[in-house]
Amino acid sequence: MPLYGPRFSQRPGDLYRELRQRYGPVAPVVLEGGVPAWLVLGYREVYHVASNPQQFARDSRRWNAWSEIPDDWPLMPYVGYRPTVLFTEGEEHRRRAGAISDALAAVDQFELTAICERTCDELIDGFAGRGAADLITEYAHRIPVRVVVRLFGMPDADLPALIHDIAVSLDEGEEAVAAHQRTVARMRQLVAGKRQQPGPDVPSRMLAHAAGLSDEEVALDLLMVLASAQQPVANWIGNTLRLMLTDDRFAITLAGGRRSVSEALNEVLWEDTPTQNFIGRWAVRDTRLGGRHIRAGDLLVLGLAAANADPSVRPDSSPGTSGNHAHMSFGHGEHSCPHPAPELAEVIARSAIGVLLDRLPDAALAVGADELRWRPSVWMRGLFSLPVRFTPAG
C-alpha cells in the first residue's frame, strides 16, 4: 500500500487501522516513487525496534535499495547519510548525543520560560489589535525557531531566511535539498563565530564539551536540534490549540485554570502527535518482526502515531490520556529525542498556549471545525491554518 498521497491528509488513523487489519503489526508499504519499506505499526514492535540498535541500526548506508534511489528523490533529506548524530551508532552516537544532552541540560528553564513568553508577546502584539489571526502561520509556526536561535545566541536578523529554509527542508518538495544546504551553511557560520567569541549559549557549550566535537560536528548537530524543534514543537502547539478550541472538554476551561493545558498537550501526543512516522531504521541482518521476514538492509519506518493507537495496548481508544505518558511521540531508546529536549519542548509549548490564553481569553474558532485542513504529509501532523476571532486589544 502506498504510504503517501491524499488518503493521509485528513484521517491517517483510518489508513493505519486498515493496514493493521490487513497485515498485522508490520505492514509492507511503498514510499514515493514506488520505493519499498516496512511500516512498523505495533506498539510493542516499535518499542522492540527502537530498543535494539544492534539489530535495527540508524546508518542509512546499510540500505539494500540505494541502487534504485534517484539523487532527487523527495525523501532524500530524511535518508541521505550525513555525519550528524542522527546517523551515528554505538560509542560515536553516545559521544555526540551526550554533548547535546549536556548542552541542553544547562539551559535554565526559568530563563527559557521568560524567552518564550517574551517571544509570544511580541507575536501577539502584531495581531492583537485586529481581532482576528491565524494561530498557525502567525503564531505557532513562528515560536520554536525564534526561541531556539536565542538559545543558540544567533542574531534576530538571521530569522526570516532561516525560518523559511527550515520549513522548506522539512517538506517533501524539490527545493528541500537546497534549503537544507543553506541552513547547514548558516550553522557553520554560527559555529565559527562561537569558536572565536564563545558565550552562554548551546553552541559554545558544545564546543567546550569534553567530547571534543569538531566544528563540523557541532554545526551539523545544531542543525539537527533546530530542525527537531521547529516543525514538531510548532505542530504540537497548533494541534493543542485546535483541540482546546474545538473540544468542549477543554473549551470549558479555555480562559480558566491551567490544568487543562497540560492535559491537552499530553492528549495531542497520543491522538495527533506531530511526528506521525519516522524514517527510519535499517535491518543489520535477516530477522523476523511481527510475523514478517525482514531482510538485511531493509528500511523500517517507525509508525509512532499508529503505535500510540495500537488497540493491543490501548483497548479503550476514547480520548482522555491524563497521567499516561507512555506514548511513542518522542521515540524510544538511544535514538529518541535526547534528554532533556522533550522537557524543554514542553516548556515552549506550554508557555505559548499560556500566553495566548492570558492575552486573548475569548479567542474562538472563526470557521467550522470541519473546515480545518491538515497538511498532506506522511511524516508530520499539522494544520494549514487555525483562524480565530477575539476582542481586539485597545
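If you're matching positions, the sequence shown starts at 2 in our numbering and goes up one per residue. Each residue gets a CB set at the ideal place from its N, CA and C atoms; glycine is no exception. Owing to the predicted nature of the structure, the values given are computational and were not obtained by experimental measurement.
Quiz item: Are at least three pairs of beta-carbons, each pair with one atom in the segment 78–88 and one in the segment 207–222, less than 8 Å apart?
Solution: yes
Practice problem: Please report how far the alpha carbon of Arg-147 lies from the alpha carbon of Thr-276, in whole angstroms. | Solution: 20 Å
Quiz prompt | CB of Arg-374 within 8 Å of CB of Gly-383, strictly | solution = no
Self-check item: Presumed contact (8 Å Cβ cut-off) between Gly-43 and Ala-308, rounded CB distance
Solution: 7 Å
Self-check item: Cutoff 7 Å; reference Phe-128; Cβ partners in own chain excluding five residues on either side
Solution: Ala-134 and Glu-139
Quiz item: Can you tell me whether Glu-268 is buried or exposed, with buried defined as 16 or more other CB within 10 angstroms of its CB?
Solution: buried
Quiz item: Is Ile-167 helix, strand or coil when you go by DSSP?
Solution: helix
Quiz item: Rounded to a whole number of angstroms, what is the C-alpha to C-alpha distance between Ser-337 and Ala-58?
Solution: 13 Å
Quiz item: With 16 other CB atoms within 10 Å as the buried threshold, where does Trp-67 fall?
Solution: exposed
Quiz item: Helix, strand or coil: which one does DSSP assign to Asp-135?
Solution: strand
Quiz prompt | Alpha-carbon spacing of Arg-95 relative to Phe-111, whole angstroms | solution = 28 Å
Self-check item: Extent of the continuous beta strand (DSSP E) to which Phe-279 belongs
Solution: 279–284
Self-check item: Residue from Ala-327, Ser-229 and Gly-291 with nearest C-alpha to Trp-271
Solution: Ala-327
Practice problem: Kindly indicate the opening and closing residues of the alpha helix (DSSP H) around Val-27. | Solution: No alpha helix (DSSP H) contains Val-27, which is instead part of the beta strand (DSSP E) from 27–32.
Exercise. State the DSSP-derived secondary structure class of Trp-39, mapped to helix, strand or coil.
Key: strand
Quiz item: Are Val-27 and Val-41 close, meaning C-beta to C-beta below 8 Å?
Solution: yes
Quiz item: Taking Tyr-79 as the reference, which of Ser-205, Thr-120, Val-302 and Arg-23 has the closest Cα?
Solution: Val-302
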